[in-house]
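Just so we're aligned: the sequence shown equals residues 1 to 315 in UniProt numbering.
Glycine included, C-beta positions come from ideal geometry on N, C-alpha and C.
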Amino acid sequence: MSFSDWFFDTVDRLQSDPSPKNLEIALRKLWAGLLGRFAPKQQEGQVVWDEDWDILVILDGCRADAMEEIIQGTSYQSLFADSKLETRWSVGGTSSEWIKKTFNERHSAEIQETAYITGNPYTDQIQYDEFSEFTHFGIASTEYDIRTVSPRKLTNHAINTWRKRDEKGVDRMIVHYMQPHAPFRSRPEWFREFKGTKKFGSKVWWRLCDGTVSHDDFWTAYIDNLEWILEEVSILSTSIDGSIALTADHGNAKGECGVYGHPKGVPVSAVREVPWITLDGIDTEEYTPEYNVSDSGGDDQKPARESQLEALGYK
């Protein structure tokens, strides 16, 4: 967001709700923009193509400490029994940045041998025909009374794709889930209350900032969304053969350095430091994925970015 965009957006919003909380959030947005523009770079991001993996799983907006909390618990001991959590510095603070710096001409050779299965709306900025296979899944209603990209659809398609990788000419595969990114399945009411308004509270990270949502409630819902997607990773790990790497395109700040969410270019570790953990996938052939071709947008259909961003809480 440019300064002029921030200024006119702030004036518009404060005219509709001139509360001290909204003024504080506006100033925090300005601070995040200044950090992204003027703060010195801490380090260069690490490109995923330089790592060793067969299947790369992107957990959108996943904080490294959230993954650490999951690993230290008991629910996923079998999944992570032989794995060690590491971290990487992401090439971007937003999905758009990550996609631009990951899928570009410099890495065209790797891209040509890769299947990319995604629910992220920012993939409309890349050349689909450069991949050996490209499939985008759009926003839809779910059983949790929220609209988001169903992770099971991506899982099923990924399994089908990998099991037919030889005939498809696929050497590597990237599965870009939208969870643990909001909306949260356990708190659908948070995403109904402010839908369609211009209040800063329409974004759950700003509701955390202004105190409308408590830190404990927020963190519980965020961890639950991460567990939601790890249920899918568990299915993947027993349905495909190969080395699986789990990481994120970016993290999310919940007040670190005065930042909330994941503003573009912000060199804050809560946003840029992402988890990296590897698993050994072994196909037991016990899972038979269901797949309906109408679920996806198809290789030639661009994602409807505006409507998807609204469902994800950005509009």
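- Query: Taking F218 as the reference, which of S234, N252 and I235 has the closest Cα?
  - Reply: The residue you call residue 218 lines up with position 218 of the sequence shown. Checking every option, the nearest Cα to that of F218 belongs to N252.
- Query: Taking all protein chains shown into account, do 16 or more other C-beta atoms lie within 10 angstroms of the C-beta of H215, making it buried, or fewer, making it exposed?
  - Reply: Within the sequence shown, residue 215 is the residue found at index 215, counting from 1. Per the 10 Å Cβ criterion, exposed.
- Quick one: Cα of I277 to Cα of I244, how far? Taking the first residue of the sequence shown as position 1, residue 277 is located at position 277. Taking the first residue of the sequence shown as position 1, residue 244 is located at position 244. Between I277 and I244, the C-alpha separation is close to 8 Å.
- Under 8 Å between C-beta atoms of H250 and G61: For the purposes of this step, residue 250 is identified with residue 250 of the sequence shown, where counting begins at 1. For the purposes of this step, residue 61 is identified with residue 61 of the sequence shown, where counting begins at 1. The answer is yes: Cβ separation under 8 Å.
- Starting from G261, follow its DSSP beta bridges and name the residues at the other end. As a working note, residue 261 is residue 261 in the sequence shown. Paired residue(s): A253.
- Identify whether R207 lies in helix, strand or coil by the three-state DSSP scheme. Sequence index remark: in the sequence shown, residue 207 carries index 207 (1-based). Here R207 sits in helix by DSSP.
- Is D52 helix, strand or coil when you go by DSSP? By one-based count along the sequence shown, residue 52 stands at place 52. Looking at D52 - three-state DSSP - the assignment turns out to be coil, as it is neither helix nor strand.
- Report yes if the C-beta distance between G261 and W190 is below 8 Å; otherwise report no. In the sequence shown, counting from the first residue as 1, residue 261 sits at position 261. In the sequence shown, counting from the first residue as 1, residue 190 sits at position 190. The answer is no: Cβ separation not under 8 Å.
- Query: With L226 and T155 assumed to form a contact (beta carbons below 8 Å), what rounded beta-carbon distance in angstroms separates them?
  - Reply: Start at 1 with the first residue of the sequence shown, and residue 226 comes out as number 226. Start at 1 with the first residue of the sequence shown, and residue 155 comes out as number 155. In fact, because the Cβ distance is near 15 Å, the residues do not count as touching under 8 Å.
- Message: Quick check on L79: does DSSP put it in helix, strand or coil?
- Response: Sequence index remark: in the sequence shown, residue 79 carries index 79 (1-based). The answer is coil: DSSP assigns L79 none of H, G, I, E or B.
- Beta-carbon proximity check, I58 vs I240, cutoff 8 Å: What you label residue 58 is simply residue 58 of the sequence shown in a count that begins at 1. What you label residue 240 is simply residue 240 of the sequence shown in a count that begins at 1. No, Cβ-Cβ distance for I58 and I240 is not below 8 Å.
- Query: Just checking my contact of D224 with R192 at CB under 8 Å: how many whole Å lie between their CB atoms?
  - Reply: For the purposes of this step, residue 224 is identified with residue 224 of the sequence shown, where counting begins at 1. For the purposes of this step, residue 192 is identified with residue 192 of the sequence shown, where counting begins at 1. Contact doesn't hold; Cβ gap of about 18 Å is too wide.
- Message: My output table needs one value for V233: the three-state DSSP class, helix, strand or coil.
- Response: Translated into the one-based positions of the sequence shown, residue 233 becomes position 233. Correct three-state label for V233: helix.
- Among V266, T238, A248 and C257, which residue has its Cα nearest to the Cα of E286? Position 286 of the sequence shown, counting from 1, holds the residue named residue 286. Closest by alpha carbon: T238.
- Task: Could you have a look at Y116 and say whether DSSP puts it in helix, strand or coil?
- Result: By one-based count along the sequence shown, residue 116 stands at place 116. If DSSP states are grouped into helix, strand and coil, Y116 belongs with the strands.
- May I ask which residues mark the beginning and end of the alpha helix (DSSP H) holding T135? Taking the first residue of the sequence shown as 1, we reach residue 135 at position 135. Looking at the DSSP string, T135 is not in any alpha helix (DSSP H); the run it does join, the beta strand (DSSP E), is E133 to H136.
- Return helix, strand or coil for A140, following the three-state DSSP convention. For this step, residue 140 is matched to residue 140 along the sequence shown. Note: A140 maps to strand in three-state DSSP.
- Query: What do you get for S19, buried or exposed, if any count of 16 or more other CB atoms within 10 angstroms of its CB means buried?
  - Reply: Translated into the one-based positions of the sequence shown, residue 19 becomes position 19. It counts as exposed.
- Message: Which residue marks the beginning of the alpha helix (DSSP H) containing D280, and which one marks its end?
- Response: The count along the sequence shown starts at 1 and reaches residue 280 at position 280. It is not in any alpha helix (DSSP H) - D280 instead sits in the beta strand (DSSP E) that spans E273 to G281.
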